[in-house]
Amino acid sequence: MTFRTVERDEDDTVVVLYTSGTTGHPKGAELRHRNVYDNALAGIDLFVSRGQRPATC
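Per the UniProt record's numbering: the sequence shown ends with 57, consecutive numbering throughout.
Written as structure tokens, this is what we have:
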């Protein structure tokens with residue numbers, strides 16, 4: 001099996017999360033590559049002490 005490289009931009013959608021919202025009707029919230037990356041960095045800043053290495057999976 002071969003995989004092709006896909007060009008992507010930091011503003012491309014990486015996932016759509018569906019919530020019920022306040023009206024009870026599902027609504028899609030787009031997360032972009034930039035959002036996911038920034039959230040990961042914020043988590044590292046909050047929960048990883050100096051000298052530790054963050055685990056990734």
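For glycine and all other residues, C-beta sits at the position ideal for the given N, C-alpha and C.
Quantities reported herein were computed from a predicted structural model and do not represent experimental measurements.
* Can you check the UniProt domain "AMP-dependent synthetase/ligase" (6-42) for any beta strand (DSSP E) of at least 3 residues that lies completely inside it and give the ranges in chain order? => The UniProt domain "AMP-dependent synthetase/ligase" (6-42) contains these whole beta strand (DSSP E) runs: 13-19 and 27-32.
* Inter-residue spacing [alpha-carbon to alpha-carbon] between L31 and T5 -> Here residue 31 refers to the residue found at position 31 when the sequence shown is read from its first residue. Here residue 5 refers to the residue found at position 5 when the sequence shown is read from its first residue. A direct Cα-Cα distance of roughly 21 Å separates L31 from T5.
* For F47, does the three-state DSSP call read helix, strand or coil? -> Against the sequence shown, residue 47 aligns to sequence position 47. In the structure shown, F47 sits in a helix (DSSP, three-state: H, G or I).
* Which listed residue (R34, G43 and V48) has its alpha carbon closest to that of R8 -> Position 8 of the sequence shown holds residue 8. The shortest C-alpha separation from R8 is found at R34.
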